[in-house]
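Below is one structure, written out as C-alpha cells, with a few remarks after it.
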Amino acid sequence: MHEEKLFQTMLSEELTLEGLIRDIVQNEGMDPWNIDIVILTNKYMEILNKMKEFDIKVSGKFLLAAAILLKMKSDYLIPQLIEVEEESVPVEVEHYDDSKYDLEPHIPVPKSRKITMDELIESLRKALVVKQKRSVRHSEREVKMNVRVKTIYLSEKIKNLYIRITDFFKKLGKKDITFSQLIPSRQKKDLIWTFIPLVHLANRGKISLTQEKNFGEINVRSEESED
Numbered sequence: 243m244h245e246e247k248l249f250q251t252m253l254s255e256e257l258t259l260e261g262l263i264r265d266i267v268q269n270e271g272m273d274p275w276n277i278d279i280v281i282l283t284n285k286y287m288e289i290l291n292k293m294k295e296f297d298i299k300v301s302g303k304f305l306l307a308a309a310i311l312l313k314m315k316s317d318y319l320i321p322q323l324i325e326v327e328e329e330s331v332p333v334e335v336e337h338y339d340d341s342k343y344d345l346e347p348h349i350p351v352p353k354s355r356k357i358t359m360d361e362l363i364e365s366l367r368k369a370l371v372v373k374q375k376r377s378v379r380h381s382e383r384e385v386k387m388n389v390r391v392k393t394i395y396l397s398e399k400i401k402n403l404y405i406r407i408t409d410f411f412k413k414l415g416k417k418d419i420t421f422s423q424l425i426p427s428r429q430k431k432d433l434i435w436t437f438i439p440l441v442h443l444a445n446r447g448k449i450s451l452t453q454e455k456n457f458g459e460i461n462v463r464s465e466e467s468e469d
C-alpha cells in the first residue's frame, strides 16, 4: 500500500524537502494522485494513540508530507479544470425536440498528466521563499515599532516635578509660582508632561491650581504647611 510505504519514509531519520519528494515520486514509484490523505491521516492517528510520549519530530514530518501531497494534487487538478473552462465556448442553439435524442451528461475528466519532480520542488521552494520574506518583513516592522516605543513612568514625572516646585519655593522665598516658570520649553511634550503631573499633585493636596481666565496663566500655590 502506498500509504504504508510513505509512513516508513516519514519515520526515517534524515528527511529533507527534496528527499521526501524523491522518495514519494521516484524511489517508491508512487503517484501522488493515488495516495489517499485520509487513510494517511488515520494511520497517523493510530500511531499517536499507541505512542506513550508525543514526538514532535514525527508530527512535523507528517504535516510536511501531507502538505506536499496536497500541493501535488492541487497542482495536478487546477490547471486541468482551467483548461476545460477555456474550451467551453457558449453558442446559440436553435429550438429542437430533445425527446428525439439520448443525451448523456458531460463530465469533465482531468487529462492524465504527471507533474515532474523538478516542477514540484521548484514550486515548493518558491512558496518557502515567499513565506520567509513575509516573516522578515514582519520582524522588521516589529523592530521599528520597538525602536519608537519609549516608556514614560508617570510616578517619576510627578516626583521630579514636585521636587522642582519645592526648590522654586525655597529659592524665591514664596509659596506660589506660575505654570510658565515650570515648563522647560514651549514644546508640546514639555507642556503635556508638566501639566499632567501638576494635576496629580493638585489632586493629592500638595498644591492648588488657579486660573483667572480661559487659556490664561495657571498659578501654582503650595498647600503644605511649613515645618
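If you count by the numbering used here, then the sequence shown holds residues 243 to 469, one letter each, in order. Beta carbons: idealized from backbone N, C-alpha and C, even for Gly. Computed from a prediction, not measured in an experiment: that's the story for all the values here.
Annotation: the continuous beta strand (DSSP E) that includes residue 461 extends over 460-464. Comparing C-alpha distances from residue 451 to each of 428, 463, 457, 442 shows the shortest one belongs to 463. In the structure shown, the three-state DSSP call for residue 453 is strand. Just so you know, the alpha carbons of residue 433 and residue 414 end up roughly 22 Å apart. Residue range 396-414 is occupied by the alpha helix (DSSP H) that includes residue 405.
Cβ-Cβ distances below 7 Å link residue 404 to 443, 448 in the same chain, with the five nearest sequence neighbours on each side left out; the list follows chain order. Annotated as proximal: residue 439 and residue 399, with beta-carbon spacing under 8 Å. For residue 438, the uninterrupted alpha helix (DSSP H) segment begins and ends at 430-445. In this structure residue 420 is exposed. Its beta-carbon is surrounded by fewer than 16 other beta-carbon atoms within 10 angstroms. In this structure, the alpha-carbon of residue 424 lies about 13 Å from that of residue 441.
Taken atom to atom, the span from the alpha-carbon of residue 422 to that of residue 460 is near 8 Å. Checking the DSSP bridge columns, you'll see residue 419 partnered with 462. Residues 411, 463, 464 of the same chain have their beta carbon placed closer than 7 Å to that of residue 417, with the five preceding and five following residues left out of the count.
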